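Have a look at the structure below, then the notes.
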Amino acid sequence: MIAVISDIHGNLEALEAVLVDARKEGATDVICLGDIVGYGADPNRCVELVRESSAAVVLGNHDAAALDPAEADEFNPLARDAILWTRRTLSPANLEMLRSLPMAHVRDEIRYVHASPEAPETWPYVLNVADAQFAFSAFSEAVCFIGHTHVPTWMVLEDGMVIDMIVAEQLEMRGEGRALINVGSVGQPRDGDWRASYVLFDREQRRVVARRVEYALEAATAKILAAGLPEELAHRLSFGR
Ligand code: ZN
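For my numbering, add 231 to where a residue sits in the sequence shown, where the first one is 1.
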């Protein structure tokens with residue numbers, strides 16, 4: 232069973248809680264869809280822990296912006312402030328780790344990418360059925376895992392039709408059906424639920440399980456304030472926004 236995690240954003244408390252939960256649930260592999268850094272106060276420890284725990288990692292747009300501030304031109308001011316702080320804070324070795332990350336990872340008929348597989352290097356979001364239709368035509372594997380929006384979503388392609396499934400406890404894939412699974416965010420969920428989001432994938436059973444994990448929210452919040460990062464980045468964590 233594979234644990235697929237994304238959008239950690241320097242939130243060490245959330246990452247640690249998710250890794251403990253994944254191990255307890257029987258995950259044998261962790262794959263990370265990027266945005267390890269940005270917003271949160273622990274970029275170095277998060278990069279190191281992802282490197283130690285993950286079988287594969289792909290690049291996210293905040294990781295790219297930590298390497299090249301020109302990538303942050305489109306960011307809102309809070310995100311830009313945070314990524315410039317992150318860039319100053321990351322060790323040379325951890326910047327090097329981010330620089331080594333690929334745009335996509337494919338293994339066993341499964342694709343892993345941060346943004347839409349339609350054009351990963353320009354970071355498009357998959358927000359609706361129309362976006363998902365484009366995305367499905369851009370990959371050939373049975374399943375593609377994505378992140379980037381911080382909102383867990385399950386899009387399924389059956390008989391050429393995209394169905395936006397309600398994210399429930401689990402999704403059993405049927406027959407020839409293909410799936411585009413947004414795993415949500417570990418470190419800064421934006422669906423109104425503050426708990427860390429990730430998924431477990433059982434390849435044999437073709438089953439996706441949505442997980443939400445409580446973590447030491449107050450510690451993560453206090454560290455953001457102590458680091459001098461924008462206060463809003465601390466407060467939004469408790470609202471899941
Ligand atoms: Zn993100």
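All residues carry an ideal CB built from backbone N, CA and C; glycine is no exception. Computed from a prediction, not measured in an experiment: that's the story for all the values here.
(message) Quick check: G224 and D238, are their CB atoms within less than 9 Å of each other?
(response) Limits of the chain in this structure are 232 at one end and 472 at the other, which puts residue 224 out of reach.
(request) Please find out if some non-hydrogen atom of ligand 1 comes closer than 8 Å to the beta-carbon of S428. (result) Taking the sequence shown and counting its residues from 1, one reaches residue 428 at position 197. Every heavy atom of ligand 1 is 8 Å or more from the Cβ of S428, so no.
(request) Have a look at A324 and A441 and give me their C-alpha separation to the nearest angstrom. (result) Looking up residue 324 in the sequence shown gives position 93. Looking up residue 441 in the sequence shown gives position 210. As the crow flies, the alpha-carbon of A324 is around 33 Å from that of A441.
(message) Tell me the residue span of the beta strand (DSSP E) that contains V374.
(response) Here residue 374 refers to the residue found at position 143 of the sequence shown. Segment 374–377, the beta strand (DSSP E) holding V374.
(request) Select from L309, D304, E247 the residue whose C-alpha is nearest the C-alpha of E463. (result) Residue 463 sits at position 232 when you count from the first residue of the sequence shown. Nearest option by C-alpha distance: L309.
(request) Output yes or no for whether 9 Å exceeds the beta carbon distance between V393 and I412. (result) Position 162 of the sequence shown, counted from the first residue, corresponds to residue 393. Position 181 of the sequence shown, counted from the first residue, corresponds to residue 412. Cβ atoms of V393 and I412: not closer than 9 Å.
(request) Can you grab the Cα-Cα spacing for the pair E372 / V261, in whole Å? (result) Against the sequence shown, residue 372 aligns to sequence position 141. Against the sequence shown, residue 261 aligns to sequence position 30. Answer to the nearest angstrom: the Cα atoms are 19 Å apart.
(message) Less than 9 Å between the beta carbons of A295 and E302, yes or no?
(response) Sequence index remark: in the sequence shown, residue 295 carries index 64 (1-based). Sequence index remark: in the sequence shown, residue 302 carries index 71 (1-based). Inclusion of A295 and E302 in the CB contact set at 9 Å is warranted, their separation being smaller than that value.
(request) Note down the Cα distance separating R475 from E327, rounded to an integer number of angstroms. (result) Limits of the chain in this structure are 232 at one end and 472 at the other, which puts residue 475 out of reach.
(request) Kindly indicate which three-state DSSP category V249 falls into: helix, strand or coil? (result) In the sequence shown, the residue the question calls residue 249 occupies position 18. In the structure shown, V249 sits in a helix (DSSP, three-state: H, G or I).
(request) My understanding is that G265 touches H240, with C-beta atoms under 8 Å, so please give their C-beta distance in whole angstroms. (result) By one-based count along the sequence shown, residue 265 stands at place 34. By one-based count along the sequence shown, residue 240 stands at place 9. At roughly 10 Å, the Cβ-Cβ gap does not stay under 8 Å, so G265 and H240 are not in contact.
(request) Determine which residues share a DSSP beta bridge with W385 and list them. (result) Here the question's residue 385 lines up with position 154 in the sequence shown. W385 pairs with M396, I412.
(request) Along the beta strand (DSSP E) that carries F432, what are the first and last residues, could you check? (result) Position 201 of the sequence shown, counting from 1, holds the residue named residue 432. Unbroken beta strand (DSSP E) run through F432: 427–433.
(request) Please classify P351: is it buried, with 16 or more other beta-carbons within 10 angstroms of its beta-carbon, or exposed? (result) Against the sequence shown, residue 351 aligns to sequence position 120. Buried is the call here.
(request) Could you tell me which residues DSSP puts in a beta bridge with C263? (result) The sequence position of residue 263 within the sequence shown is 32, counting from 1. For C263, DSSP records a beta bridge to I236, V288.
(message) Could you give the first and the last residue of the continuous alpha helix (DSSP H) run that contains R311?
(response) Along the sequence shown, read from residue 1 onward, the residue named residue 311 stands at position 80. R311: member of the alpha helix (DSSP H) spanning 308–320, first to last residue.
(request) Please classify A457: does DSSP put it in a helix, a strand, or coil? (result) Taking the first residue of the sequence shown as 1, we reach residue 457 at position 226. Three-state DSSP puts A457 in a helix.
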